[in-house]
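Residue numbers (the working numbering): 1088 to 1201.
Quick reminder that beta carbons are idealized off the backbone N, C-alpha and C, glycines included.
Quick caveat, the model's predicted, so the values are computed rather than measured.
The block underneath contains the structure these notes are about, expressed in structure tokens.
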Amino acid sequence: NNIYGNAGHGVYNYSGVPITAENNWWGDSSGPNGEGPGTGDAVSANVDYEPWLAAHVPTTLPFQMKTPTLPKFSIVQESTVTSEWSHIAIATLFISPIVFGDTSQFFIVPLELS
């Protein structure tokens, strides 16, 4: 992690129970300030900051854009569903699975009744 540029402490432990904050960049290769020996962001008592990182950790990773190859689908059967409902305040229509090759897709269609 990169812990630097904070006003006050980079890590402050309000409890008496020691906490671990190892392997962090504190803003300087000399380590954290405060209870630490360096000039980076400060740590309070009961913070285990050793070992620390001597250099900034990159926060962005290389990214390569890939265009996916989409499968080709064809319509096997077309259907029209017509229903009449009465005295229903809220309803959801569950349409049976539509199978494309080895994949099943479920569709949930909310209904607005008037």
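Nearest to residue i (by Cα), restricted to the options the options
i: Asn-1100; options: Ala-1108, Ala-1094 and Asn-1093; result: Ala-1108
i: Asn-1111; options: Pro-1124, Val-1104 and Gly-1097; result: Gly-1097
Cβ pair residue i, residue j closer than 8 Å
i: Tyr-1091; j: Gly-1118; result: no
i: Ala-1132; j: Asn-1120; result: no
i: Ser-1116; j: Ala-1094; result: no
Pairwise C-alpha distance: residue j and residue i
i: Pro-1155; j: Pro-1145; result: 28 Å
i: Gln-1209; j: Asn-1089; result: Residue coverage of the chain in this structure runs from 1088 to 1201, which leaves residue 1209 outside it and unanswerable.
i: Phe-1160; j: Thr-1147; result: 37 Å
i: Glu-1137; j: Pro-1105; result: 13 Å
i: Gly-1114; j: Pro-1158; result: 49 Å
i: Ser-1166; j: His-1143; result: 59 Å
i: Gly-1125; j: Lys-1153; result: 44 Å
i: Glu-1122; j: Val-1134; result: 8 Å
For residue i, three-class secondary structure by DSSP
i: Gly-1125; result: coil
i: Asn-1089; result: strand
Which residues DSSP lists as bridging residue i, in chain order
i: Asp-1135; result: Thr-1107
i: Val-1130; result: Val-1098 and Gly-1121
i: Trp-1112; result: Asn-1089
Residue i: CB within 7 Å of a non-hydrogen atom of the ligand FAD
i: Pro-1138; result: Judged by which ligands are present, the structure shown has none, so any question about the ligand FAD falls away.
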